[in-house]
Every structure is written in structure tokens, then in C-alpha cells.
Amino acid sequence: PKRTRLINELLSQLAETEPLAALELASQIESLRDSERARISVLEVWATTDPASALAWANQALTNEPARSRSSQLSAIYRGYAANNPDAAFQQALTLDDERLRNRLLGDVIETQIESGGLQAAQVAVDLIQDPELQNNLRRDLIDEWAQFDPEAAANYVRSLGDDTPTSFKTTLISEWAESDPVAAAAWLVSLPRDDPAIARASASIIQEWTRYDLAASAEWLNSLPPSPELDRAVISYTFRAAEEDPAAAMTWAESIENDRRRTWMMERVAATWKEQDAGTFQSYLNASELTNEQREKLKNADNSGGGWGGRWRD
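Its first residue numbered 1, the sequence shown is counted upward by one per residue in the numbering used here.
What follows is the structure in C-alpha cells.
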């Protein structure tokens with residue numbers, strides 16, 4: 001890793017004056033992964049100093065590149081371009097015909113602009129977009145970046161968009177906010193109207209983070225939410241965390257999952273953990289339960305090997 005970093009640093013320095021030579025040297029690196037990383041570093045530096053030349057090179061050199069490689073190299077160029085002239089980079093990206101690539105590069109420009117302190121300018125640029133679908137995609141990128149360093153301001157922006165704000169804006173906000181302050185994110189989420197679909201859809205992000213610190217408080221909050229099949233993912237996230245500390249409570253949560261396959265899968269996972277921790281209380285649970293004989297047998301035979309905690313249910 002140190003050697004790779006040193007090579008990238010040296011090539012980046014060379015790229016400031018001799019970008020084509022730096023690219024040629026990067027292509028000679030034996031490791032395909034390291035070679036690609038070096039090229040990306042060189043291209044970002046080149047576009048920072050001379051974006052027009054970097055873009056002209058890309059139009060010729062990347063024409064026959066595989067889509068993934070072409071996309072990653074163009075991303076590097078647009079990030080470099082946006083570092084010094086985000087408005088020009090934004091307008092240049094808007095001219096691209098490939099919708100998926102255009103959206104990605106515009107997102108790269110916005111991210112770079114915000115990281116450089118240009119949040120307000122990025123917001124204005126996005127608000128001026130005429131295409132509603134493109135504007136929504138970019139607003140989602142804007143919210144995602146904004147929420148990483150000032151989630152409350154990002155939340156105010158989401159509210160300012162009105163009652164027709166897409167649910168995805170709110171879930172994007174909560175996903176980022178929950179990583180730094182799940183309690184505050186939870187409070188904001190439940191301040192929405194109770195029938196807002198974002199409440200159920202974003203709750204899993206909050207539970208995933210909150211349960212790292214406080215199982216009891218996160219359970220109380222989850223239990224206060226309006227019932228919805230879309231809460232299943234949040235319940236599953238909670239059950240994962242709770243199973244190690246309180247398998248009996250975790251089983252109660254698992255039983256509340258509405259989707260049949262998810263519920264069965266989760267109950268078997270909890271059963272396997274419970275048996276390992278305390279076979280006696282697990283047997284008492286089975287004896288007192290209203291499960292069918294077939295269900296009891298499945299739980300008795302459940303184990304965490306193979307498709308255990310790292311496995312996934314299938315809808």
C-alpha cells in the first residue's frame with residue numbers, strides 16, 4: 001500500500017506538467033487495480049489544471065473503453081474540473097447524451113462543489129434544472145452530501161420543497177443523518193404526518209444505527225410507529241441486534257414481521273442463537289407457543305451455519 005501511494009503521488013505530481021507521460025507510466029503498472037487507480041489520480045489532477053485538454057483526450061482515448069472503466073475515468077476528470085470551475089463542469093456534464101453517465105457526472109460535480117464549500121451555488125444550479133426527473137436525481141445527490149455535514153439544514157431544505165417532496169428525498173436524508181445522530185433523525189422522521197410513507201421506509205436506517213448504542217430506546221421508538229408491512233426491514237434490523245442480548249425479546253419482534261417468508265427466516269435465526277445461549281428457556285418458549293408441530297420442528301432444528309446471520313431472506 002505504501003509503494004502504491006508513493007507511485008500515485010509521484011504520478012500526480014508529474015501530471016501537473018506532463019499528464020500524457022504520467023498516463024503512459026500508469027498504464028505500465030502490472031496490477032490492473034493499481035494501474036486504474038493511478039490513471040484516475042492522474043486524470044483528476046490533469047482536469048484540475050487543464051480541463052479542456054483532459055476532456056479532449058477523453059473524447060478520443062476512452063471511446064472504446066469498457067463502460068465501467070470509461071465512467072470511472074470521466075468521473076475523475078469531472079471531479080478535477082469541478083474543483084476549480086464547478087459551474088463550467090456542471091454545464092459541460094449537462095451536454096452529455098448518455099443519461100446514466102450524465103447523472104453520475106453531475107452528481108460528482110455537486111459532491112466536489114459542496115466539499116469545496118460551494119453548497120449554495122450547487123443548490124442554485126440544481127434548482128434551475130428544467131427537466132423534473134433530472135432535477136429530482138440531483139436534488140437527491142444534493143441532500144445526500146448536505147446531510148453528511150449539516151443534517152438539520154438539509155432537513156429544512158427538504159421541508160421547504162413542500163408537501164409533494166418525493167419520499168426518496170426524506171429517506172436519503174435519514175440514511176445519512178442516522179449515521180451521526182439516530183435520535184435526532186428519529187425525532188425528525190416522526191414529526192412528519194403519520195401516513196407519510198417515508199416513516200416506514202426510513203426507519204430501518206435509524207434502527208440499524210440506534211441499536212448500536214441503545215436497544216431499549218430504539219425498541220420503544222420502533223414500537224411507537226404506525227403499523228405497516230414496510231416496517232419489516234426495521235424490525236429485522238432490530239431483531240438482528242437484540243438476538244445476542246435478549247433472544248426472548250428478539251423472538252417476539254421476529255413474530256411481528258408481516259411477510260411470511262421473512263418472519264420464518266428471522267424466527268429460525270433467532271431460534272438458533274437462543275438455543276446456543278439457553279436451551280432451557282428456548283424449550284420453554286416452544287412448549288408455551290401456539291406454533292404448529294411443523295413450525296416447532298423447524299425452530300428446533302434451526303442453526304446459524306450457512307444461511308445464518310450473514311444470509312438473506314427471499315421475498
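C-beta atoms are modelled at their ideal positions from N, C-alpha and C, and glycine is treated no differently.
From a predicted model like this one, the values you see are computed outputs, not experimental measurements.
In this structure, DSSP gives residue 257 a state outside helix and strand, which the three-state scheme calls coil. In the same chain as residue 172, and ignoring 5 residues on each side of it, the C-beta atoms closer than 6 Å to its own belong to 140, 143, 144, in chain order. Secondary structure note for residue 129: it is in no alpha helix (DSSP H), with a DSSP letter that is neither H nor E. Here residue 223 carries a helix assignment [DSSP, helix/strand/coil]. In this model, residue 269 and residue 210 are separated by some 21 Å (Cα to Cα). In the structure shown, the three-state DSSP call for residue 290 is coil. For residue 44, the CB contacts under 6 Å within the same chain, skipping 5 residues up- and downstream, are 76, 79, 80 in chain order. Excluding five sequence positions before and after residue 259, the CB atoms of its chain that fall closer than 6 Å to its own CB belong to 232, given in chain order. For residue 200, the CB contacts under 6 Å within the same chain, skipping 5 residues up- and downstream, are 228, 230, 231 in chain order. The three-state secondary structure of residue 135, taken from DSSP, is helix. Taking C-alpha positions only, residue 219 is separated from residue 252 by approximately 12 Å. Look at residue 151 here: in three-state DSSP terms it is helix.
In the structure shown, residue 171 falls within a helical segment according to DSSP collapsed to helix, strand and coil. The three-state secondary structure of residue 247, taken from DSSP, is helix.
For residue 108, the secondary structure class from DSSP, reduced to helix, strand or coil, is helix. Close CB contacts of residue 175 within its chain, under the 6 Å cut and outside five residues either way in sequence, are with 205 (chain order).
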